Amino acid sequence: MDGERDRFNGDTKVLHQRAVRVPLPDTTAERAFHENMMTVADARERKAELLADPEVPLLAAYEAELERIAESFERRLRRIAGDDYEEVAMAYARGDRDDRIGALAAYYFEGLWRIQQRTTITEMMFSPVILRYPDSFTMNIRFTDGYTTTKSICYESPEHSTEDLTDEYAEAYYEDSCYSQQQAATYLRETAQIIREEFPSPDNTSFEERKYGGIVSAGGRRGSVFSAMLESLEPDPDRFSEPVDKPTLVEAGPEAKRTERELLRNEAIVL
Numbered sequence: 154m155d156g157e158r159d160r161f162n163g164d165t166k167v168l169h170q171r172a173v174r175v176p177l178p179d180t181t182a183e184r185a186f187h188e189n190m191m192t193v194a195d196a197r198e199r200k201a202e203l204l205a206d207p208e209v210p211l212l213a214a215y216e217a218e219l220e221r222i223a224e225s226f227e228r229r230l231r232r233i234a235g236d237d238y239e240e241v242a243m244a245y246a247r248g249d250r251d252d253r254i255g256a257l258a259a260y261y262f263e264g265l266w267r268i269q270q271r272t273t274i275t276e277m278m279f280s281p282v283i284l285r286y287p288d289s290f291t292m293n294i295r296f297t298d299g300y301t302t303t304k305s306i307c308y309e310s311p312e313h314s315t316e317d318l319t320d321e322y323a324e325a326y327y328e329d330s331c332y333s334q335q336q337a338a339t340y341l342r343e344t345a346q347i348i349r350e351e352f353p354s355p356d357n358t359s360f361e362e363r364k365y366g367g368i369v370s371a372g373g374r375r376g377s378v379f380s381a382m383l384e385s386l387e388p389d390p391d392r393f394s395e396p397v398d399k400p401t402l403v404e405a406g407p408e409a410k411r412t413e414r415e416l417l418r419n420e421a422i423v424l
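Taken in order, the sequence shown gives residues 154 to 424; the numbers are from this note's numbering.
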């Protein structure tokens, strides 16, 4: 990148009320999708292990999760646009190209940039929606302001606290924080199982059992308080009337809008 003109500063319009729809034309594609979702479940369980270990700082678990998400976005970008995906996304952002590959690269690159910002910015929540349909799946990369949903569980990080506590209160705060992290670890393990149930393997389930599935999740932070949420989400069987033969951008869909009404607080702004 050369000069100020090419510095990426983000553009919320790229993500707003949009999703990527990816075809699942055969068992091979279904298997790859299933394996990707099992990687997500494994990463959630790994975060639970780190949270449950009092010797591991909470920040290590948080950054490990962000790193895993960022790596998955980078893999998608390389599959879509090659190793020069950043220039493809920037060209689309500048208006130098207006094609499907450029639009997809810009969408995922915006998501990657915002994920990387989360290590230093608080009160920005990542809340993706992933839905499985008979012939495809969709991923809605979504960020909102705020740090929690109406159903989030919260846990504390003493390392991020700015409170000046006496020794007595500091010890009690540390113990309460450790307990909240243990509770969060249990929640993460339980919700990892939801991912496994919603996206079963094509090798040991019938098509009727696996043709629909979905999850919505959310994670955020405000100061020393972290939050997590994940639950199943039922896809709308009437959402798509036409098949798809290549990855493409689509509207976010009625399911995503429903989660905004039910999970996001009234003052939350979807970025």
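Each residue gets a CB set at the ideal place from its N, CA and C atoms; glycine is no exception.
Fair warning: this is a prediction, and the values are worked out from it, not measured in the lab.
* Work out the CA separation of Asp398 and Ser289 for me, nearest whole Å. => Residue mapping note: residue 289 aligns to position 136 of the sequence shown, counting from 1. Residue mapping note: residue 398 aligns to position 245 of the sequence shown, counting from 1. Roughly 9 Å between the two C-alpha positions.
* Does Lys304 have its Cβ less than 7 Å from a Cβ in chain B? -> Protein chain content of the structure displayed is limited to a single chain, and chain B is not contained in it.
* Might you give, ordered along the chain, the residues of its own chain that have their beta carbon closer than 6 Å to the beta carbon of Gly372, omitting 5 neighbours on each side? => Residue 372 sits at position 219 when you count from the first residue of the sequence shown. Taken in chain order, the residues that qualify are Phe279, Ala381.
* To do: Could you tell me the distance, in whole angstroms, from the CA atom of Leu383 to the CA atom of Tyr286?
  => Stepping through the sequence shown from its first residue, residue 383 is reached at position 230. Stepping through the sequence shown from its first residue, residue 286 is reached at position 133. Between Leu383 and Tyr286, the C-alpha separation is close to 19 Å.
* Asked: Based on Cα-Cα distance, which residue from Leu265, Glu408, Pro407 lies nearest to Asp164?
  -> The sequence position of residue 164 within the sequence shown is 11, counting from 1. Among Leu265, Glu408, Pro407, the Cα nearest to that of Asp164 belongs to Leu265.
* Asked: Are Met214 and Ile233 close, meaning C-beta to C-beta below 7 Å?
  -> Taking the first residue of the sequence shown as 1, we reach residue 214 at position 61. Taking the first residue of the sequence shown as 1, we reach residue 233 at position 80. In the sequence on display, residue 214 carries Ala and not Met. With a cutoff of 7 Å on beta-carbon distance, Ala214 and Ile233 are scored as not near each other.
* Taking all protein chains shown into account, decide if Arg267 is buried (16 or more other Cβ within 10 angstroms of its Cβ) or exposed. => Translated into the one-based positions of the sequence shown, residue 267 becomes position 114. Burial call: buried.
* DSSP on Gly255, reduced to helix/strand/coil? -> Here the question's residue 255 lines up with position 102 in the sequence shown. Three-state result, Gly255: helix.
* Asked: Does the beta-carbon of Lys166 have 16 or more other beta-carbons within 10 angstroms, so that it is buried, or is it exposed?
  -> Here the question's residue 166 lines up with position 13 in the sequence shown. Exposed, by the Cβ-count rule.
* To do: With a threshold of 16 other CB atoms inside 10 Å of the CB of Arg253, please say whether the residue is buried or exposed.
  => Looking up residue 253 in the sequence shown gives position 100. Exposed: under 16 other Cβ atoms inside 10 Å.
* Asked: Are Arg171 and Thr275 closer than 7 Å when you measure CB to CB?
  -> One-based indexing of the sequence shown puts residue 171 at position 18. One-based indexing of the sequence shown puts residue 275 at position 122. The criterion of a C-beta distance shorter than 7 Å is not satisfied by Arg171 and Thr275.
* So who's on the other strand from Ser289, going by DSSP bridges? -> In the sequence shown, counting from the first residue as 1, residue 289 sits at position 136. Residue pairing by DSSP puts Ser289 in a beta bridge opposite Pro176.
* To do: Taking 7 Å as the cut-off, decide whether the C-beta atoms of Leu168 and Thr302 are in contact.
  => For this step, residue 168 is matched to residue 15 along the sequence shown. For this step, residue 302 is matched to residue 149 along the sequence shown. Not a contact, by the Cβ cut-off of 7 Å.
* Asked: Among Asp195, Phe379, Asp391, which residue has its Cα nearest to the Cα of Pro311?
  -> In the sequence shown, counting from the first residue as 1, residue 311 sits at position 158. Of Asp195, Phe379, Asp391, the residue nearest in Cα terms is Phe379.
* Tell me, please, which residues DSSP counts as bridged to Ile283. => Mapped onto the sequence shown, residue 283 falls at position 130. When beta bridges are read from the DSSP output, Ile283 appears opposite Met292, Ile368.
* Return helix, strand or coil for Val439, following the three-state DSSP convention. => The displayed coordinates of the chain run from 154 to 424. Any statement about residue 439 would go beyond what the structure contains.
* Compute the beta-carbon to beta-carbon distance between Glu351 and Gly366, rounded to the nearest angstrom, for a pair I have assumed lies under 8 Å. => For the purposes of this step, residue 351 is identified with residue 198 of the sequence shown, where counting begins at 1. For the purposes of this step, residue 366 is identified with residue 213 of the sequence shown, where counting begins at 1. Contact flag correct, Cβ pair sits at about 4 Å.
* Asked: How close, in whole Å, do the beta carbons of Arg221 and Ala196 come, if the pair is a contact with beta carbons under 8 Å?
  -> Working through the sequence shown from its first residue, we reach residue 221 at position 68. Working through the sequence shown from its first residue, we reach residue 196 at position 43. About 5 Å separates the beta carbon of Arg221 from that of Ala196, a gap short enough to meet the 8 Å contact definition.
* Pick helix, strand or coil for Ile274, following the three-state DSSP scheme. => As a first step, residue 274 is located in the sequence shown; it is residue number 121 there, counting from the start. Coil at Ile274, not helix or strand.
* Asked: Buried or exposed: Asp237, going by 16 or more other Cβ atoms within 10 Å of its Cβ?
  -> Taking the sequence shown and counting its residues from 1, one reaches residue 237 at position 84. Per the 10 Å Cβ criterion, exposed.
* To do: Taking the CB atoms as reference points, tell me whether Thr412 and Arg174 lie closer together than 7 Å.
  => Taking the sequence shown and counting its residues from 1, one reaches residue 412 at position 259. Taking the sequence shown and counting its residues from 1, one reaches residue 174 at position 21. No, the Cβ-Cβ distance between Thr412 and Arg174 is not below 7 Å.
* Using 10 angstroms around the beta-carbon of Ala405, count the other beta-carbons present and answer buried if the total reaches 16, otherwise exposed. => Residue numbering aside, residue 405 sits at position 252 when the sequence shown is read from its first letter. Using a 10 angstroms sphere on the CB of Ala405, the tally of other CB atoms reaches 16 or more, which defines it as buried.
* **C-alpha distance - Pro390 paired with Ile347, whole-angstrom precision** => Here residue 390 is taken as the residue at index 237 of the sequence shown, counted from 1. Here residue 347 is taken as the residue at index 194 of the sequence shown, counted from 1. Distance between Pro390 and Ile347, taken at the CA atoms: about 20 Å.
* To do: State the Cα-Cα distance for the pair Ala337 and Glu316, rounded to the nearest angstrom.
  => Residue 337 sits at position 184 when you count from the first residue of the sequence shown. Residue 316 sits at position 163 when you count from the first residue of the sequence shown. For Ala337 and Glu316, the distance between alpha carbons rounds to 22 Å.
* Asked: For Leu211, which residues from the same chain have a beta carbon less than 6 Å from its beta carbon, with the 5 sequence-adjacent residues on both sides left out?
  -> Within the sequence shown, numbered from 1, the residue matching residue 211 stands at position 58. Exclusion of the five residues before and after Leu211 leaves Ser310 as the residues of its chain whose Cβ lies within less than 6 Å of its Cβ.
* Identity of the residue in Thr273, Thr291, Thr192 nearest Pro176 by Cα -> Stepping through the sequence shown from its first residue, residue 176 is reached at position 23. Among Thr273, Thr291, Thr192, the Cα nearest to that of Pro176 is on Thr291.
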